[in-house]
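Undergrad: Going by this note's numbering, the first residue of the sequence shown is number 8, and it counts up by one from there.
Every residue gets a Cβ at the ideal spot worked out from N, C-alpha and C, and that includes glycine.
Below is a structure I'd like to ask you about.
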Amino acid sequence: MGTQVSDGDYVASLQARVKELEAENANLLSRLAHCHCSQDDQILYGPDYKDAKVTEPKKSNGESQRKIRNKPGYSTAFLSHHSKRYVALKVMYFGKRFYGFSAEAQMEPSVESEIFKALKTTRLLVGDKKDSQYSRCGRTDKGVSSVGQVIALFLRSKLKISGVNNGSSGEYVFEEKHEGELDYVRVINRELPNDIRVLGWCPVPVDFHARFSCLSREYKYFFWKENLNILAMKTAGTKLLGEHDFRNFCKMDAANVHTYMRCISMFDISPTDVSYDGNQLWVIKFRGRAFLWHQVRCMVAVLFLVGQGLESPDVRI
Numbered sequence: 008m009g010t011q012v013s014d015g016d017y018v019a020s021l022q023a024r025v026k027e028l029e030a031e032n033a034n035l036l037s038r039l040a041h042c043h044c045s046q047d048d049q050i051l052y053g054p055d056y057k058d059a060k061v062t063e064p065k066k067s068n069g070e071s072q073r074k075i076r077n078k079p080g081y082s083t084a085f086l087s088h089h090s091k092r093y094v095a096l097k098v099m100y101f102g103k104r105f106y107g108f109s110a111e112a113q114m115e116p117s118v119e120s121e122i123f124k125a126l127k128t129t130r131l132l133v134g135d136k137k138d139s140q141y142s143r144c145g146r147t148d149k150g151v152s153s154v155g156q157v158i159a160l161f162l163r164s165k166l167k168i169s170g171v172n173n174g175s176s177g178e179y180v181f182e183e184k185h186e187g188e189l190d191y192v193r194v195i196n197r198e199l200p201n202d203i204r205v206l207g208w209c210p211v212p213v214d215f216h217a218r219f220s221c222l223s224r225e226y227k228y229f230f231w232k233e234n235l236n237i238l239a240m241k242t243a244g245t246k247l248l249g250e251h252d253f254r255n256f257c258k259m260d261a262a263n264v265h266t267y268m269r270c271i272s273m274f275d276i277s278p279t280d281v282s283y284d285g286n287q288l289w290v291i292k293f294r295g296r297a298f299l300w301h302q303v304r305c306m307v308a309v310l311f312l313v314g315q316g317l318e319s320p321d322v323r324i
């Protein structure tokens, strides 16, 4: 036979359970009072963090990933009173799904637009893109990947202002200090898609320009050897070394380019340690200070014609 429970006993058990829950709730509140999570979030996202709505969408592996949804009318202008510092970020990305690096092509997605979305979400961007004194090392085309893209801009700093005030640029931290600074790499990567990663950062002087301060750029083009004549390709490639007029090896951009003279300081074709079904993966390398629009693609295309026997290794530049 089942045990009979009177109404009085049932009410008493409920009251006891309510007291247990109240005690547990009080314990949790006490523990939360000693938690510094909110302080860390205000350090990362600014003093107005409490006004933002926080959601926790699920990742594919079941873990939750915190995302901050800006309240309506949100602007980075309110961050202008924060100290800031000029930094260079080293970025890598897998370019297969992107319409190039630059957001100016107005084709989405682009690597640059994803980076600035992350900077705005994390509230590291002080003001807008114009105010950040932004520069980039180069613009890769659709489908091109990079392991060493460099961008430079002003980001919010946790360090105290160093007493510099140059009018329109505002106040900023200029020392080469790292201790106590925001972990820019971790904060930005938390909001970036998986095919874009920030590898590192360093403080740079305000006259640094990611494009014009660059000493050299190196491009690699990977290909399967198949039946290509590698020796002929090497012979043709060495003729590209040095300074030449490369107008026949690029996509013309007469509105922005005033000279087509470029210098190739290094050329190499070598095998990698990757092979598949008897076919080995090779890599073509070019290094120079600057390249024209589609110059690398055009040079590689000519080398392939030479490797297929459709052009002479003595092809003229």
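Whose C-alpha, out of V18, L247 and G150, is nearest the C-alpha of F274?
TA: Out of V18, L247 and G150, L247 has the C-alpha closest to the C-alpha of F274.
Undergrad: Give every residue of the same chain whose Cβ lies closer than 6 angstroms to the Cβ of V213, excluding the five residues on either side of it in the sequence, and list them in chain order.
TA: Closer than 6 angstroms at the Cβ level, and outside the excluded window around V213, lie Y93.
Undergrad: Indicate the three-state DSSP secondary structure (helix, strand or coil) for G102 in the structure shown.
TA: G102 falls in the helix class under three-state DSSP.
Undergrad: Look at the alpha carbon of L166 and the alpha carbon of L131, and state the distance between them as a whole number of angstroms.
TA: Roughly 13 angstroms separates the two Cα atoms.
Undergrad: Please work out which residues of its chain come closer than 6 angstroms, Cβ to Cβ, to E119, disregarding the five sequence neighbours upstream and downstream, and give them in chain order.
TA: Cβ neighbours of E119 beyond the five flanking positions: F108, S109 and A110.
Undergrad: Quick check: the segment 287 to 305 against the segment 208 to 223, are there 3 or more CB pairs under 8 angstroms?
TA: Touching, per the Cβ criterion.
Undergrad: Starting from E233, follow its DSSP beta bridges and name the residues at the other end.
TA: Its beta-bridge partners do not exist; DSSP assigns none.
Undergrad: So, under 8 angstroms CB-CB, D2 and H301 are touching, yes? Tell me the CB distance rounded to an integer number of Å.
TA: The structure shown does not extend to residue 2, since the chain is modelled only from 8 to 324, so the question has no answer here.
Undergrad: Residues in its own chain within less than 8 angstroms of R163 by CB, not counting five upstream and five downstream?
TA: Excluding sequence neighbours, R163 sits near G53, L86, H89, S90, K91, R130, L131, L132, V133 and L189.
Undergrad: Extract the residue ranges of the beta strand (DSSP E) inside the segment 262 to 308, only unbroken runs of 3 or more that lie entirely within it.
TA: Complete beta strand (DSSP E) runs here, min 3: 268 to 283 and 286 to 295.
Undergrad: Would you decide whether Q46 is buried or exposed? Buried here means 16 or more other CB atoms lie within 10 Å of its CB.
TA: Bear in mind that a pLDDT of 48 at Q46, under 50, signals an unreliable position, so the number given afterwards is only what the model happens to contain. Exposed, by the Cβ-count rule.
Undergrad: Looking only at its chain, what residues have a beta carbon closer than 8 angstroms to the beta carbon of C103, apart from the 5 residues adjacent to it on each side?
TA: Reading off the sequence, residue 103 comes out as Lys, not Cys. Only G150, S152 and D202 meet the Cβ criterion.
Undergrad: Give every residue of the same chain whose Cβ lies closer than 7 angstroms to the Cβ of E198, excluding the five residues on either side of it in the sequence, and list them in chain order.
TA: Same-chain partners within the cutoff: A125, T128 and T129.
Undergrad: Could you please give the first and the last residue of the uninterrupted alpha helix (DSSP H) stretch that includes F123?
TA: Note, F123: alpha helix (DSSP H), V118 to T128.
Undergrad: Comparing alpha-carbon positions, which option in R323, F230 and R304 lies nearest S277?
TA: Residue F230 is the option with its Cα nearest to S277.
Undergrad: Could you give the distance in angstroms between the alpha-carbon of Y141 and the alpha-carbon of I291?
TA: So the two alpha carbons sit approximately 31 angstroms from each other.
Undergrad: Could you tell me which residues DSSP pairs with Y226 in its beta bridges?
TA: DSSP, once it has assigned bridges, lists F293 as partnering Y226.
Undergrad: Helix, strand or coil for Q140? Go by DSSP, reduced to three states.
TA: Note: Q140 maps to coil in three-state DSSP.
Undergrad: With 16 other CB atoms within 10 Å as the buried threshold, where does S139 fall?
TA: Per the 10 Å Cβ criterion, buried.
Undergrad: Could you tell me the distance, in whole angstroms, from the CA atom of I271 to the CA atom of Q113?
TA: I271 and Q113: Cα-Cα distance of roughly 31 angstroms.
Undergrad: How long is the line joining the alpha carbons of N236 and V313, rounded to whole angstroms?
TA: Answer to the nearest angstrom: the Cα atoms are 8 angstroms apart.
Undergrad: For the beta strand (DSSP E) holding V194, just list the boundary residues, first then last.
TA: Where V194 is concerned, there is no enclosing beta strand (DSSP E), although the alpha helix (DSSP H) it sits in stretches over Y191 to N196.
Undergrad: Use the C-beta contact count for R323: other C-beta atoms within 10 angstroms, 16 or more gives buried, fewer gives exposed.
TA: With fewer than 16 Cβ atoms within 10 Å of its Cβ, R323 is classed as exposed.
Undergrad: Near Y106, which residues of its chain fall below 8 angstroms by C-beta distance, leaving aside the five closest residues on each side in sequence?
TA: These residues qualify, in order along the chain: A112, M114, E115, P116, S117 and K149.
Undergrad: Go to S220, then tell me how far its beta strand (DSSP E) extends in each direction, as first and last residue.
TA: Per DSSP, S220 belongs to no beta strand (DSSP E) and is neither H nor E.
Undergrad: Can you tell me whether V329 is buried or exposed? The criterion is at least 16 other CB atoms within 10 Å of its CB, across all chains shown.
TA: Nothing can be reported for residue 329, as the shown portion of the chain is limited to 8 through 324.
Undergrad: By Cβ distance below 6 angstroms, which residues in the same chain neighbour Y226 in space, the five residues on each side in sequence not counted?
TA: Closer than 6 angstroms at the Cβ level, and outside the excluded window around Y226, lie F293 and V303.
Undergrad: Going by DSSP, what residue range makes up the beta strand (DSSP E) through G155?
TA: Taken as a continuous stretch (DSSP letters only), the beta strand (DSSP E) holding G155 covers S153 to R163.
Undergrad: Near Y267, which residues of its chain fall below 6 angstroms by C-beta distance, leaving aside the five closest residues on each side in sequence?
TA: D252, F253 and R254.
Undergrad: Would A159 and A95 be called neighbours here (beta carbons separated by less than 8 angstroms)?
TA: Taking 8 angstroms as the Cβ cut-off, A159 and A95 qualify as a contacting pair.
Undergrad: Tell me the DSSP secondary structure of K258 in three-state form.
TA: Reduced to three states, the DSSP call for K258 is coil.
Undergrad: Buried or exposed for A217, going by 16 or more other Cβ atoms inside 10 Å?
TA: It counts as buried.
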